[in-house]
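See structure below.
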Amino acid sequence: EVQLVESGGGLIQPGGSLRLACAASGFTVSSNYMTWVRQAPGKGLEWVSVLHTGDRTYYADSVTGRFTISRDDSMNTLYLQMNSLRAEDTAVYYCATDGPGTSSLRYWGQGTLVTVSS
Amino acid sequence: DIQMTQSPSTLSASVGDRVTITCRASQSISRWLAWYQQKPGKAPNLLIYKASTLESGVPSRFSGSGSGTEFTLTFNSLQPEDFATYYCQQYYTYPYTFGPGTRLEIK
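In order, the protein sequences belong to chains A and B.
Reminder that position 74 of the first sequence reads as 76 in the numbering used here, one-by-one numbering, no gaps.
Reminder that position 70 of the second sequence reads as 265 in the numbering used here, one-by-one numbering, no gaps.
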């Protein structure tokens with residue numbers, strides 16, 4: 003059974019850094035496209051970043067240059083390093099992945115809340 | 196970036212109704228469109244991919260159609276558990292973008 007469990011969220015001051023983790027089970031992160039999606043309180047979904055199996059990465063314009071997606075194959079874990087955080091980065095961050103037959107987001111974690119505030 | 200729009204933003208309906216939500220893309224995305232359902236406090240759940248392919252385990256009262264720039268999600272005979280927010284997402288080109296959502300509420 004595929005499971006994704008995010009961690010690392012919390013309260014951080016503007017300008018600070020935080021690293022989110024997404025521990026995967028039931029599959030290997032190196033064999034799937036791994037994605038981060040966020041949702042600000044009371045708002046819609048925003049696609050943030052993806053890490054391809056071949057290590058290619060893509061980012062939303064709103065986070066380019068500040069966020070870095072990566073993975074640790076030995077830990078079977080996906081990461082999102084977030085630097086220079088802003089109030090508008092406050093959101094629940096979900097990791098998600100595709101599955102056989104589709105590159106849409108079939109499996110999702112439960113999310114981790116990041117609050118950027120002084 | 197490809198912009199996604201949805202209409203209506205809110206839809207009031209009753210159990211048993213047949214309703215349709217529309218999603219439009221700012222440029223052609225072929226059939227690379229997914230629909231997700233989200234309930235409060237929960238992660239989104241994939242309903243339909245490639246515009247019209249029903250995800251395994253999703254009830255057949257849900258259906259999707261469209262191609263190019265216009266897509267629809269149709270509910271045949273709404274059930275109480277269907278009242279939620281629905282998002283479309285294009286996965287034709289990066290950055291993959293979501294629509295703003297349609298909240299389906301009980302009339």
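Note that the Cβ used here is the ideal one computed from N, Cα and C, for glycine as well.
In this text, all values refer to a predicted model and were calculated from it rather than measured experimentally.
Within-9 Å CB hit, Q198 of chain B to chain A: no
Do L107 of chain A and L241 of chain B come within 9 Å of each other at the CB atom, strictly closer than that value? yes
Name the DSSP bridge partner or partners of R73 of chain A? A:L80
Is any beta-carbon of chain A found at less than 9 Å from that of Q233 of chain B? yes
Any beta carbon of chain A sitting closer than 9 Å to that of K302 of chain B? no
Would you say D91 of chain A lies against chain B (beta-carbon separation less than 9 Å)? no
Proximity test, Cβ basis, 9 Å: W38 of chain A and chain B: no
Cutoff 9 Å: Q222 of chain B Cβ touching any chain A Cβ: no
Cβ of L13 of chain A within 9 Å of Cβ of T117 of chain A? yes
Just checking my contact of R213 of chain B with N271 of chain B at CB under 8 Å: how many whole Å lie between their CB atoms? 5 Å
Output, in chain order, the set of chain A residues within a Cβ distance shorter than 7 Å of L241 of chain B. S106, L107, R108
Buried or exposed for A89 of chain A, please, with buried defined as at least 16 other CB atoms from any protein chain shown within 10 angstroms of its CB. exposed
Out of curiosity, what's the CA-to-CA distance linking Q15 of chain A and D91 of chain A? 11 Å
Where P43 of chain A falls, given that 16 or more other Cβ within 10 Å makes a residue buried: exposed
In whole angstroms, give me the CA-to-CA distance for V128 of chain A and E8 of chain A. As shown, chain A starts at 3 and ends at 120. That puts residue 128 of chain A outside it, with no answer to give.
Quick check on the DSSP output: the beta strand (DSSP E) that includes D100 of chain A runs from which residue to which? 93 to 101
So is the beta-carbon of L13 of chain A under 8 Å away from any non-hydrogen atom of the ligand NAP? As far as ligands go, the structure on display features none, and thus does not contain the ligand NAP.
Any chance you could list the beta strand (DSSP E) runs of at least 3 consecutive residues sitting entirely within the segment 216 to 255 of chain B, in chain order? 228 to 233, 240 to 244
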